[in-house]
Structure formats: C-alpha cells, structure tokens
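Asks: Questions regarding the structure given below will be posed in turn.
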Amino acid sequence: MNYFFYIFLFLLPISINAQDKEHWDVKFENANSLYVKENYAKAIEIYRDLIKERDNSPEVYYNLANAYYKLHSYTESIYYYEKSLKLDPTKQAYTTNLNYARKNLQDDISITKDYTEKDIVHQGLSLFTVNQWTVISTIATLLIFAVFVLYYISTTSALKRLWFTSLIILVIVSIGSAYSAYFENNYKKYEYSAIIFDSEIDFKTEAKNTSETIQQLHEGTRVHIIGEKGIWINIKLDNQEEGWIEKSSIRKI
Numbered sequence: 001m002n003y004f005f006y007i008f009l010f011l012l013p014i015s016i017n018a019q020d021k022e023h024w025d026v027k028f029e030n031a032n033s034l035y036v037k038e039n040y041a042k043a044i045e046i047y048r049d050l051i052k053e054r055d056n057s058p059e060v061y062y063n064l065a066n067a068y069y070k071l072h073s074y075t076e077s078i079y080y081y082e083k084s085l086k087l088d089p090t091k092q093a094y095t096t097n098l099n100y101a102r103k104n105l106q107d108d109i110s111i112t113k114d115y116t117e118k119d120i121v122h123q124g125l126s127l128f129t130v131n132q133w134t135v136i137s138t139i140a141t142l143l144i145f146a147v148f149v150l151y152y153i154s155t156t157s158a159l160k161r162l163w164f165t166s167l168i169i170l171v172i173v174s175i176g177s178a179y180s181a182y183f184e185n186n187y188k189k190y191e192y193s194a195i196i197f198d199s200e201i202d203f204k205t206e207a208k209n210t211s212e213t214i215q216q217l218h219e220g221t222r223v224h225i226i227g228e229k230g231i232w233i234n235i236k237l238d239n240q241e242e243g244w245i246e247k248s249s250i251r252k253i
C-alpha cells in the first residue's frame, strides 16, 4: 500500500506540471489566433499574461513585439524584440524585425561594437542557446556512462581503444558544453542593456542637471548600462559614446 502511495506522490507534481504546460500552450495558441484575426490589443493582453506565468519563452516575447509593431508602438516592439533576442540570439527573424522597428526611431545612432574578450567568446558560443548547451552536456554525460560500460565489457584491444577514445571525446564535449551554458548564462545576466521610454531626455556629461548636455535622446533608443549614481545611470550608446541619463527614463531588457 505504501509503495503505491509513494508512486502517487512522485507522479503528482509531474501531472500538475503537464496540466500547467497544456493550459499555457492553449492560451498561447489563443493569443496567436487573435493576432491572425488582427485583434492585436487582446493578443497583447494574453501574451503579457503568459509572460507573468513563464518568462523564458522567446517566442512569446517575439509575438508580443510583432503585435506592438502592428499597433505602431515601436518602442514597446523594440523592447520585446530585444527580450526575445536575449533569450535566443540565433533566430534571424528576431534580428530582422528588430531592425525594421528601429527604422521608425528618431535617433539614428550607428552601431560601433567595442569587442571585449567576453564578447568574442560570446560570439562563438551564441551558436546555441543556454538550454541547448545544457541538453548537449546532459546527453554527452549519459553517453559517457553507456560508452564506459561498452569499454568495460569489450574483449579486444581494438574495441577498447575505440571506446576509450570515444570516452575522451565525450568528456571534453560534456565539460565544454557545460562551461558554455554557464558562460552564456552569466554573460546575459551581467550584460545590462535598456531601452529609453521617455519621449525625450538629456544625455549629460556628468550625473547632475547642471552638467553639459551632449545631445537629446529619444524613445526606443538602446543604451548599455555601465554604472549607477543616485537617480542617474552611466550609459554607453551603440556608437560607444558615454554619458549620463536619469534612471527613470529607461526600462532594462
């Protein structure tokens, strides 16, 4: 009797998670259907609810961005395209639509990338997402055990050499992909970018109102956060120009 009780306790959370996922998927399809019917406002409402329930789906952020774009809310659309790219930088469609949305911005800031060592490593590792690197590491680890058994039961030296070589390769893949997942997760966690949501703000040389204004920045412009000081944040634009703006004017990606 106790045996079946413990099985029930083990399977209960799995069943609940499956039901939650099914409910989430139904809502997602409902929102997509509303989008196709051009009921963008209602679709946006459901997409935002879905994000509250689960904030790790790049597809939801992307569809939400598309819906805002259809309503000509370009700042919102840019923000959510950036969110989708942060979760999955490999999707070309996300980048393409983001660039279309940026054409509607008032600020025309050229992108001049100042690559650090971490940026260069990220460029190589972004071939896969964090989840994909984790899956690769998990599969490689499971294969290590299977190949070890084959190595152990092999009776010829040729087979033992084959399985031993395979073990070495799998260990390298497992450790390498685990490190890649760790690196990419930390890179995204500490790479702070934001979108300006105020219609117009002063871009200052120092963190005070009396300092010189470098230029006016407008909504939808992306900034990279370097530091903070009171109500001010130190930012770098895509053209590598640095300055200060008020913290309340932006929304972190």
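Position one of the sequence shown corresponds to residue 1 (the UniProt record's numbering), numbered consecutively onward. The beta-carbon is built from N, C-alpha and C at its ideal position, and this holds for glycine as well.
(1) Cβ of Ala65 within 8 Å of Cβ of Tyr81?
(2) Alpha carbon to alpha carbon, how far is Gln215 from Arg222? Give it in angstroms, no decimals.
(3) Considering only C-alpha positions, which residue in the set Ile169, Gly176, Leu167 and Ala194 is nearest to Asn135?
(4) Give the secondary structure of Glu228 by DSSP, where H, G and I count as helix, E and B as strand, and everything else as coil.
(5) So, at 6 Å on beta carbons, what are the nonlocal neighbours of Lys70 in its own chain, with the 5 sequence-adjacent residues on each side left out?
(6) Which residue's Cα is closest to the Cα of Tyr74: Asn104, Ser248, Ser126 and Ala178?
(7) Along the chain, where does the alpha helix (DSSP H) containing Leu146 start, and where does it finish?
(8) Across the segment 199-208 and the segment 232-244, are there enough close Cβ pairs to call them in contact, namely three or more that are closer than 8 Å?
(9) Span of the alpha helix (DSSP H) holding Gln92?
(10) According to the Cβ coordinates, are Pro58 and Ser77 closer than 8 Å?
(11) Under 8 Å Cβ to Cβ from residue 295, same chain only, skipping five residues before and after it: list those, please.
(12) I'd like to check one pair, Thr213 with Asp202: are the Cβ atoms closer than 8 Å?
(13) In chain order, what residues of the same chain have a beta carbon less than 8 Å from the beta carbon of Arg251, not counting five sequence neighbours either side?
(14) Within a Cβ cutoff of 6 Å, which residues of the same chain sit near Gly227, ignoring the five residues on either side of it in sequence?
(15) Taking Ile109 as part of the alpha helix (DSSP H), name the residues at either end of that continuous run.
(16) Which one or two residues does DSSP pair with Ser180 in a beta bridge?
Replies: According to the structure shown:
(1) Cβ distance < 8 Å, so Ala65 and Tyr81 count as in contact.
(2) Roughly 15 Å between the two C-alpha positions.
(3) Rather than Asn, the amino acid found at residue 135 in this sequence is Val. Cα-wise, what sits closest to Val135 is Gly176.
(4) The answer is strand: DSSP assigns Glu228 an E or B state.
(5) The residues are Tyr40.
(6) The shortest Cα separation from Tyr74 among Asn104, Ser248, Ser126 and Ala178 belongs to Asn104.
(7) Sequence check: residue 146 is Ala here, not Leu. Val130 to Ile153 is the span of the alpha helix (DSSP H), which, as asked, contains Ala146.
(8) With the cut-off at 8 Å, the segment 199-208 and the segment 232-244 touch.
(9) Start and end: Gln92 to Arg102.
(10) For Pro58 and Ser77, no; Cβs fall outside 8 Å.
(11) Past the edges of the chain, shown from 1 to 253, lies residue 295, and the structure says nothing about it.
(12) A contact, by the Cβ cut-off of 8 Å.
(13) Leaving aside the five residues that flank Arg251 on each side, the residues in its chain whose CB is nearer than 8 Å to its CB run, in chain order, Tyr79, Ala194, Ile195 and Phe197.
(14) The beta carbon of Gly227 sits closer than 6 Å to the beta carbons of Asn234 from its chain, once the five residues preceding and following it are set aside; these are given in chain order.
(15) For Ile109, there is no enclosing alpha helix (DSSP H), as DSSP gives it neither H nor E.
(16) When beta bridges are read from the DSSP output, Ser180 appears opposite no residue.
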